[in-house]
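Below: the structure, in structure tokens.
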Amino acid sequence: MGTTTEIEEARDWHGQLLDCANCERREAQAEGRCRLGHACVHDRYARRIDRCFRWNPDWAKDYLEHPYFETRAVAAKHVEVFLLPRLVNDPDETVRQSVAQRLPVNSKHLLALVRDPHREVRIRVAERLETKDLAAMIGDKDYFVRQIVARRLPPGHLVKMLHDRDPEVRKVVARRIGGEWLHTLASDRELPVRLEALRRMEPAQLKRYRDDPDWRIRYEVASRIDPAELDPLRADPEEAVREIVAQRLVASG
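In terms of UniProt numbering, the sequence shown has 139 at position 139, counting the first letter as 1, and numbering is strictly consecutive.
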């Protein structure tokens with residue numbers, strides 16, 4: 001039996017007190033397979049529903065059409081995978097998230113969720129799709145979905161994301177794309193993207209950026225360029241740049 005407090009708090013999704021006498025699973029309580037206020041399929045709290053399905057995984061398939069979205073979402077975590085397609089078009093995004101987390105990565109049903117209207121569902125899809133299918137999400141309207149895509153796409157496919165509208169996505173691209181595209185990203189309108197590109201360049205590639213209008217770019221150049229190429233930066237207008245130049249020249253003898 002549950003504690004007095006647990007039982008007093010045991011309410012359904014309408015806020016009504018639960019009564020085991022009216023439950024279709026009432027025989028299970030006597031067998032210890034559910035417990036009011038702790039493991040109950042009709043409770044309003046997802047963790048209690050989940051505990052009930054963990055104790056009775058064979059029950060989950062009977063609740064895929066339950067009117068409470070949390071019940072359906074938790075049931076989706078426990079049913080056999082072949083039953084999940086029934087929930088791909090569920091009206092609640094929490095349920096569709098549960099489905100997206102469990103569908104096989106090569107499933108046509110997971111691919112169907114690529115265009116889901118809710119970002120959290122598409123995030124789960126982007127995290128799980130096979131890399132060969134990720135190109136379908138390159139143009140997703142949500143920047144975080146596109147970030148995930150940029151982190152997972154093979155580097156050779158990132159050219160399509162060079163000019164993504166969000167700088168955070170372009171930063172991810174700059175960290176992973178082939179070296180032949182770094183000069184393109186080093187001309188980006190956003191400083192953080194340019195810095196990511198420069199940090200991946202070989203010292204011999206940095207010469208052209210000694211006159212960049214932003215001192216932070218010049219500082220990165222001065223920190224890594226061949227000492228023989230430092231002379232034009234001795235008189236840089238930014239003190240931090242002049243200091244790193246002086247330090248490197250001393251160190252190089």
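We put the beta carbon where it would ideally sit given N, CA and C, even for glycine.
query: Shortest alpha-carbon distance to ARG128 belongs to which of ARG151, LYS141 and GLY139?
result: The sequence position of residue 128 within the sequence shown is 128, counting from 1. Comparing Cα-Cα distances from ARG128 to each of ARG151, LYS141 and GLY139, the minimum goes to ARG151.
- prompt: Which residues mark the beginning and the end of the alpha helix (DSSP H) in which ARG151 is found?
  reply: On the sequence shown, residue 151 is found 151 positions in, with the first residue counted as 1. From DSSP, the alpha helix (DSSP H) with ARG151 extends over 143–152.
Closest Cα partner of ALA112 within the set THR94, VAL95 and ALA136: Counting from one through the sequence shown, the residue named residue 112 turns up at place 112. Closest option to ALA112, Cα to Cα, is ALA136.
query: Is ALA39 helix, strand or coil when you go by DSSP?
result: As a position in the sequence shown, residue 39 is number 39, starting the count at 1. Three-state DSSP puts ALA39 in a strand.
message: Does LEU17 come out as helix, strand or coil in the three-state DSSP assignment?
response: Mapped onto the sequence shown, residue 17 falls at position 17. It is a strand residue.
- prompt: Span of the alpha helix (DSSP H) holding VAL74?
  reply: Within the sequence shown, residue 74 is the residue found at index 74, counting from 1. Segment 69–78, the alpha helix (DSSP H) holding VAL74.
field: Close Cβ partners of LEU110 (< 8 Å) along its chain, the five nearest in sequence each way excluded
entry: Here the question's residue 110 lines up with position 110 in the sequence shown. Result list for LEU110: ALA100, LEU103, PRO104, VAL125, ARG128 and LEU129, in chain order.
query: Would you say GLN97 and GLU120 are within 7 Å of each other, going by their C-beta atoms?
result: Looking up residue 97 in the sequence shown gives position 97. Looking up residue 120 in the sequence shown gives position 120. In contact: GLN97 and GLU120 (Cβ atoms closer than 7 Å).
field: Distance CB(PRO203)-CB(ILE217) smaller than 7 Å
entry: Your numbering for residue 203 matches position 203 in the sequence shown. Your numbering for residue 217 matches position 217 in the sequence shown. For PRO203 and ILE217, no; Cβs fall outside 7 Å.
message: Taking 7 Å as the threshold (C-beta atoms), are LEU230 and VAL241 in contact?
response: In the sequence shown, the residue the question calls residue 241 occupies position 241. In the sequence shown, the residue the question calls residue 230 occupies position 230. Against a cut-off of 7 Å, the Cβ pair of LEU230 and VAL241 comes out as no contact.
- request: Report yes if the C-beta distance between ARG44 and ARG11 is below 7 Å; otherwise report no.
  value: What you label residue 44 is simply residue 44 of the sequence shown in a count that begins at 1. What you label residue 11 is simply residue 11 of the sequence shown in a count that begins at 1. For ARG44 and ARG11, yes; Cβs fall inside 7 Å.
field: Beta-carbon spacing of LEU182, MET161 below 7 Å
entry: Within the sequence shown, numbered from 1, the residue matching residue 182 stands at position 182. Within the sequence shown, numbered from 1, the residue matching residue 161 stands at position 161. Going by C-beta atoms, LEU182 is not nearer than 7 Å to MET161.
Where THR131 falls, given that 16 or more other Cβ within 10 Å makes a residue buried: Within the sequence shown, numbered from 1, the residue matching residue 131 stands at position 131. Exposed, because fewer than 16 other Cβ atoms sit within 10 Å of the Cβ of THR131.
message: Quick check on ARG11: does DSSP put it in helix, strand or coil?
response: One-based indexing of the sequence shown puts residue 11 at position 11. The answer is strand: DSSP assigns ARG11 an E or B state.
message: Quick check on SER187: does DSSP put it in helix, strand or coil?
response: Taking the sequence shown and counting its residues from 1, one reaches residue 187 at position 187. Note: SER187 maps to coil in three-state DSSP.
field: The alpha helix (DSSP H) enclosing GLU93, as first and last residue numbers
entry: Residue numbering aside, residue 93 sits at position 93 when the sequence shown is read from its first letter. Where GLU93 is concerned, the enclosing alpha helix (DSSP H) stretches over 93–100.
When TRP55, ASP236, HIS66 and LYS171 are compared against ARG194, the one with the closest alpha-carbon: For this step, residue 194 is matched to residue 194 along the sequence shown. Checked all of TRP55, ASP236, HIS66 and LYS171; the closest Cα to ARG194 is LYS171.
query: To the nearest whole angstrom, what separates the beta carbons of ARG54 and TYR63, a pair I think is in contact under 8 Å?
result: Here residue 54 refers to the residue found at position 54 of the sequence shown. Here residue 63 refers to the residue found at position 63 of the sequence shown. Contact flag wrong, Cβ pair sits at about 14 Å.
query: So, is HIS42 buried or exposed, given that buried needs 16 or more other C-beta atoms within 10 angstroms?
result: What you label residue 42 is simply residue 42 of the sequence shown in a count that begins at 1. That one is buried.
Cβ-Cβ distance between ARG122 and VAL145 below 7 Å: Indexing the sequence shown from 1 puts residue 122 at position 122. Indexing the sequence shown from 1 puts residue 145 at position 145. Contact: yes.
- prompt: Hey, how far is the Cα of ALA196 from the Cα of GLU220?
  reply: Position 196 of the sequence shown, counted from the start, is the residue given in the question as residue 196. Position 220 of the sequence shown, counted from the start, is the residue given in the question as residue 220. One detail in the question is off: residue 196 reads as Glu in this sequence, not Ala. GLU196 and GLU220: Cα-Cα distance of roughly 10 Å.
- request: Taking 7 Å as the cut-off, decide whether the C-beta atoms of CYS23 and ALA39 are in contact.
  value: Walking along the sequence shown from the start, residue 23 turns up at place 23. Walking along the sequence shown from the start, residue 39 turns up at place 39. No, they are not a contact pair.
task: Report the residue from ARG189, PRO154, ARG165 and LEU198 whose alpha carbon sits nearest the alpha carbon of ALA174.
output: Taking the first residue of the sequence shown as 1, we reach residue 174 at position 174. Checked all of ARG189, PRO154, ARG165 and LEU198; the closest Cα to ALA174 is LEU198.
- prompt: Exposed or buried, which one is ALA30 when buried takes at least 16 other CB atoms within 10 Å?
  reply: Residue mapping note: residue 30 aligns to position 30 of the sequence shown, counting from 1. With fewer than 16 other Cβ atoms within 10 Å, it is exposed.
- prompt: Among ARG26, LEU36 and ARG25, which residue has its Cα nearest to the Cα of LEU17?
  reply: Mapped onto the sequence shown, residue 17 falls at position 17. LEU17 has its Cα closest to that of LEU36, out of ARG26, LEU36 and ARG25.
Among PRO167, VAL88, TYR68 and GLU180, the one whose alpha carbon lies nearest that of ASP188: Counting from one through the sequence shown, the residue named residue 188 turns up at place 188. The candidate whose alpha carbon is nearest that of ASP188 is PRO167.
- prompt: Mind checking whether HIS214 and LEU233 have CB atoms under 7 Å apart?
  reply: By one-based count along the sequence shown, residue 214 stands at place 214. By one-based count along the sequence shown, residue 233 stands at place 233. Reading off the sequence shown, one finds Asp at residue 214, where the question assumed His. No.
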